[in-house]
Structures are given as structure tokens and as C-alpha cells.
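Participant: The sequence shown runs -23 to -1, 1 to 593 under mature numbering (1 follows the signal peptide of the UniProt record, and there is no 0).
Note that the Cβ used here is the ideal one computed from N, Cα and C, for glycine as well.
None of these values were measured; they are calculated from a predicted model.
Have a look at the structure that comes next, please.
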Amino acid sequence: MLLRVLTMTLLAGALAVPTQAQAADPTPCTGVKVGPAQEVVSNATRRGLGLEGWADTAYGVLSAGGGKYDFLAVAALVPKEGKNQSIAVTKGTLDNPVSDGVSQLAPVVGLPAGYDYGGGGPVYRDAASGIILQMLHLEQSTPGGFYSTLHLGRFDPATKRTTYLGPLAAPRATKDQVAALRAAADMGTPAFTARDGYLYVHFPDYFIPAGGGYGSTALSVARAPLADVLSAAADKRVVPWHKYLDGRWDSPAVGGASSDVRPGERGAWHPNVVRTAGGGSLLVQGVSPNEFVLSNSSDGILSWSAAVPLFRDPDKFNAYPTVVGTGADPAVVGNEFYVYYLQWNTMNQDWTTAQMMRRLVSCTGGIEQGLTALVRSDNGSRHRVTTAPVTERGFYPTRTWMLESGSKPGTVPVYSCRSGAQDQFVSTNADCEGTSFLQTLGWIYAAPPSAPSVALYRCHVPGLDDHYLSTDTGCENSKAINESRVGYALSTTRVAFSRFFNGSERWVTSGAVTSAYAAQKRWFIEGTQQPGTAALYGCSYGIPNGTNHFISVDAGCEGQTRLRTEGWIHASPSGAATTPLYRCYLPSTYDHFLGGADCDGVGGARREGLMGYVVP
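Written out as C-alpha cells, the structure reads:
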């Protein structure tokens, strides 16, 4: 794994899967919604903690109580005690896995000789006995590649050290066969799943086809009785595991043949399979250095669904996905979960640019999710269309439409994509037409729904690399090209109402700002008068060395200059408008602005009064 060239020329397995009835997943993850990428550990923070070559495996995540967790993964460039790698144990939150620092940085205890790489990540904690098992990934270098095998370790939560127990699984192809082909056999660092009294692990298997060459399965699986595994671990030993082969579980996991349980799918790199709270199994895996996909199964063995693209980053290298539940127990995976992963900020495995990332994934199928505002922002020459506030200087919202937040009949998902450094665009293509995937925006209707709606067209200004959405078939610009109709968005009376900041003065408006201002906060108010609303006015007055902008419910702007009508605010909580908005004043800079009851923590600011209620 360390600085290895990723071998993605995985071939379709030649081993047949027996024909049997395909059961439906009891709780399949459908209507998949992927949030934006979030950096949880920066490259600078990682290196500052001495975590060189980290995290070179999928995570093991254990609840430590109080909203804190232990995260286990390999630090591939931290040799200690005569071994080339160490297992790093960090303590932190789901938002920051290293917030409490590094608890342990040490190699596997009792690691056998003859391996060039040894470490581990994913864990299984048995609630009854307290035993914590850890998946170990060991490698032997070969000419032109390496040969990996899976082993079992036991993690001690008191010392934060892992002790080697014994072998678990090895490829069908031998080390000598792989070496002769100058190939690699990477079984990954699989997670454990417990089901029906057995403990399962999923991995790609490697073999030499009858006609020669080199083959791999898209996914294979091995298991052992859970009680036997735990009993043996208590005695510091292992029991034999067996691979699934042609409907039976009698093929030795170490060197035996296996069936491809996902025939015809692209080969897996470091698959991460977890048990869902609803009883099914969920798989997230890499299928290239850039792209992760998701699949479901009712039993974790067969009946795997076709892969659904999650995201892709053509200009970065993503590796080692880890599925983590969002609640107190990270092993419980519900309709929302995080996918953590390592990202090298180049197309190569460059440890000088490594950062830990995560994305929130939601399964929206069959679940009412409400609506999401899709907002177009402009800066006078370029556009951004997204559901999140645009914080680049000079951009301000100009159009608002509504999308379904989850999958519904008659809708198709729409994605935010990026081509190059500047051109962000909307697409209904899950692979973002070969560009970078930013996030799932929501679902748009393919045909006009019964509710009021507008057709949205994707427009492109050649030469500017600028895409945007418009309700105008002429794209509001004679130089723009109407590329296609994206779909039908729901109409809304709301407008975006934003707070901008230029470093000294805050400006709250639903209109345009100058290039010196960047958005800090965004709410939604009514764009036309509705029952129970009051008008908000944008006002200004001169201050030393400049102008201060403020919001008032007084049409006369309290004796100052009235600039515009911003919109209408609800006088009391109404529908989705439940967030109170207060006017605050910072005397030191003559700055009036809107915020929460605490003036959003701005030091020295005092609250002047409640303006009304807005949609967050």
C-alpha cells in the first residue's frame, strides 16, 4: 500500500456464482445523496502530529464516550521498534479525528518476520466480552509489485496496542505466481461484519486463470463462526476461516479459491463493507484512483445491487474509504453515514500532500426529505449555482428555485460539478460528464409537476468557462449557448437574504454587493408580501471613512438613506420561517448587522431588537 502503484487492471473473475433467487435488500440505500467534501485533518495538522504516511488504511473507529472516538489506522512512514510501520491511535470527534491528539503510535506487537509492511485499521468490538479484533494487512515485496495477506490482531484499549494473533486470508494466487507476473495482489484492509453467528470479511481475490494471465474477483467473502473467533482470540490464537465458493463455505481462506459475488462489476480497491441498522449490507469501494461507488446486498454475500457512483475527483487521488455511522456508535449505519477517506492532493500517492476527508451520504429513497433551495449567485461576469452559500468575494444571490431534497417519483438527481479551477456547473450525469464531482444538489422534476414550477436551462458562455442555470431559453445573454433543459424546479416566493463582510463592515442585503464583500451567512425571506410579514428596507448612512449599511422595518430608514426594499420578514414563527433574526450594533466600527440572539459571537456587539423570523 505504501507508495504502491495502484493496479486497477482488475479482470472479471472466472469463478461462477450459483444461480439462486435474488432477495431484495430489506433496507437498500436508494436515492443516494452525497454531500460536499469536508477536510477533517489537514496535511499541516497531520504532519505536525508526526503522522507521516497516515492514514494508509481504512479507519478503525471506536466510541470512547462523551462524543469522542478512537481512530486506528497505519502511519506508513513511522518506523518503530524495528518495524517499518506503526499503528496510530488518535482521539477526537467525528468532525476532527485528531482533536485530542495522538494516543499511541507503535507497531503491531508480535508481528512475524518476513514482511515488509505490517499494520491495520478496521476493528470489531464484541459487546459481551469486550474483545476488540483488528484487521491487519501484511505485505511482502516482490519484483515489480507486492503480495498482501490478511491477518487478525487484538487491540488493547488500555495500552492502545495491537497484538498479532495469526493469519486470516490469502489470495488464491501464490506469492511466486504474482512475482513471476511482476504484478501486485492487494487484498485491502477489510472491515468486519457480524451476521447470523458468523464474522465476515470482504476483499478482492487474485488467481491465475486456466488459460494463463492474471485475474481478480470484483469481490470475494470469507467467514468464520463468531464465537469460535472470539474464543480463540481470548487465547491469543486464530481459527480457520473459509471463502465462499460455488454455494459452499469449505474453501480455505488462506490460499483457497473463491467465487466472485459481484460478477461483471469493476474490480474493488480496498472495499469497505458494513452491516446496516436495517439488516442489509452496504459496500463502498474505490474503482479507480479518483472514484468511489456504493452497492447494497440483503445478505452481504449475493444479491449485490449495481454500483451507484458516489463521487469522483479527476485531479486528486482518493483511497481507503471508511463507512462510519453518525451516532454514538460508529458501527451502527443508518440512513445517513459518513464516508471518510484519504486524499492525496495530486494524481500521485504523494505523502507531502495527504489530507483526511469525509462526505455525508444520505439514503433518501422512500423518506420524505422536504425541499432544498437552489440559488444562483453572480459577480457581474461569472455565476455559481448551488445549494450552499457562495463565499467567494463579490458573489451575491440573484435567483432562487426549489429542489426536492430526496428522491421522489418523476424526479432525477442533479449534481454540482467542476471543470478546471473555475467552471462550476449543474449536471444530471452522476459522473459529472468526466469532471470533478462536488455534491448532490437535490432532485429536479423531469416533467412539469402539479405544483407551480419553472423550466431550468443550462447555459454556457464560451470563452469564460462559465455555466449557469436560467429560466430564459435565451439564457439572458446573447453570447450564451443554451446547452439543454435540466428539468423543472419548483417555484418559490422566497429570496436569499445574506450577510456579507469586507473585513470591517457587515452588509445585509438580498441585492448586489461590491467585489470587496464576501458572504458570511444566508437566510431566506419572502420576495413578495405574504400574510403576517413586514417589509425590510436596506438603508445606509455616512460614517468616518465610509458608509454603513443597515436593515430597518421603517420605510423612512430612521431618517437615513433608503436604498431598496429587501423583502418581507415573518413577524412570528410561520412554517419553515422559525429562526429569529436580531439587529445588532458594534459601536467600535459603527457596524449594524443581523444575526442570532448572541449577535453571532461578534465581540463588543450589542443586540438592538428582534427583526422577525426567517427560513434558515
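Mind checking whether Leu196 and Asp237 have CB atoms under 8 Å apart?
Facilitator: Contact: yes.
Participant: Do Leu88 and Ala52 come within 8 Å of each other at the CB atom, strictly closer than that value?
Facilitator: Taking 8 Å as the Cβ cut-off, Ala52 and Leu88 do not qualify as a contacting pair.
Participant: Do you know whose CA, among Arg239, Gly42, Gly190 and Trp328, lies nearest Gly277's CA?
Facilitator: Arg239
Participant: Taking only the alpha-carbon atoms, compute the straight-line gap between Asp47 and Ala168 and give it to the nearest angstrom.
Facilitator: Spanning the two alpha carbons is a distance of roughly 16 Å.
Participant: Locate the alpha helix (DSSP H) running through Asp205, then write down its first and last residues.
Facilitator: Leu203 to Ala211
Participant: Would you call the CB atoms of Leu145 and Arg131 closer than 8 Å?
Facilitator: no
Participant: Which partner residues does Gln111 have in the DSSP bridge list?
Facilitator: Val100 and Gly130
Participant: Are there 16 or more other CB atoms within 10 angstroms of the CB of Gln332, so buried, or fewer, so exposed?
Facilitator: buried
Participant: Along the beta strand (DSSP E) that carries Arg498, what are the first and last residues, could you check?
Facilitator: The question names Arg, but residue 498 in the sequence shown is Lys. Looking at the DSSP string, the run of the beta strand (DSSP E) that includes Lys498 is Ala495 to Glu503.
Participant: Among all the DSSP beta bridges, which residues are the ones paired with Asp47?
Facilitator: In the DSSP output, where bridge partners are listed per residue, Asp47 has Leu39 and Lys68.
Participant: Three or more beta-carbon pairs under 8 Å between the stretch 4 to 21 and the stretch 319 to 334, yes or no?
Facilitator: yes
Participant: Buried or exposed, going by whether 16 or more other CB atoms sit within 10 Å of the CB of Lys68?
Facilitator: buried
Participant: Nearest to Ala254 by alpha carbon, out of Thr170, Ala104 and Val391?
Facilitator: If we check each option's Cα against that of Ala254, Thr170 comes out closest.
Participant: State buried or exposed for residue 601, treating a residue as buried only when at least 16 other CB atoms are found within 10 Å of its CB.
Facilitator: No statement about residue 601 is possible, as the shown extent of the chain runs from -23 to 593 and does not include it.
Participant: Runs of 3 residues minimum, wholly inside the stretch 279 to 361: which ones carry the beta strand (DSSP E) assignment?
Facilitator: Complete beta strand (DSSP E) runs here, min 3: 285 to 289, 294 to 302, 313 to 321, 331 to 340 and 348 to 355.
Participant: Look up Arg370 in the DSSP assignment and say whether it is helix, strand or coil.
Facilitator: DSSP places Arg370 in coil when its eight states are reduced to three.
Participant: Enumerate in chain order the residues of its own chain whose CB-to-CB distance from Lys10 is below 6 Å, with the five nearest sequence positions on each side excluded.
Facilitator: Only Ser339, Thr341 and Thr417 meet the Cβ criterion.
Participant: Out of Gly519, Ser265, Gly509 and Ile502, which has the shortest C-alpha to C-alpha gap to Val592?
Facilitator: Ile502
Participant: Assign Val389 to buried or exposed, taking buried as 16 or more other Cβ atoms, counted over all protein chains shown, within 10 Å of its Cβ.
Facilitator: exposed
Participant: Where does Arg583 sit, in a helix, a strand or coil, going by DSSP?
Facilitator: strand
Participant: Between the C-alpha atoms of Glu410 and Ser404, what's the straight-line distance to the nearest angstrom?
Facilitator: 8 Å
Participant: Assign Ile546 to buried or exposed, taking buried as 16 or more other Cβ atoms, counted over all protein chains shown, within 10 Å of its Cβ.
Facilitator: buried
Participant: Does the stretch 458 to 465 come within contact of the stretch 431 to 443, defined as at least 3 CB pairs closer than 8 Å?
Facilitator: Result yes; three or more Cβ-Cβ pairs closer than 8 Å.
Participant: For Gln(-2), count neighbouring Cβ atoms within 10 angstroms of its own Cβ and tell me buried if that reaches 16, exposed if not.
Facilitator: In this predicted model, Gln(-2) has a pLDDT of only 40, less than 50, meaning its place in the structure is not dependable; the value taken from the coordinates is given anyway. Exposed.
Participant: Can you give me the C-alpha to C-alpha distance between Gly464 and Val352, rounded to a whole angstrom?
Facilitator: 15 Å
Participant: Tell me the DSSP secondary structure of Lys152 in three-state form.
Facilitator: helix
Participant: I'd like to check one pair, His179 with Pro248: are the Cβ atoms closer than 8 Å?
Facilitator: yes
Participant: Straight-line CA distance for Tyr567 to Ile520?
Facilitator: 7 Å
Participant: Under 8 Å between the Cβ atoms of Leu348 and Glu381?
Facilitator: yes
Participant: Using a threshold of 8 Å, state whether the C-beta atoms of Arg336 and Gly12 are closer than that.
Facilitator: yes
Participant: Kindly list the residues whose CB is nearer than 7 Å to the CB of Ala553, restricted to its own chain and excluding five residues on each side of it in sequence; keep chain order.
Facilitator: Val592
Participant: Checking the sheet assignment: what are the DSSP bridge partners for Tyr124?
Facilitator: Per the DSSP secondary-structure output, Tyr124 pairs in a beta bridge with Gln117 and Ala162.
Participant: Answer yes or no: do Thr34 and Gly97 have a C-beta to C-beta separation smaller than 8 Å?
Facilitator: yes
Participant: Give the straight-line distance between the Cα atoms of Phe474 and Glu369, rounded to the nearest whole angstrom.
Facilitator: 16 Å
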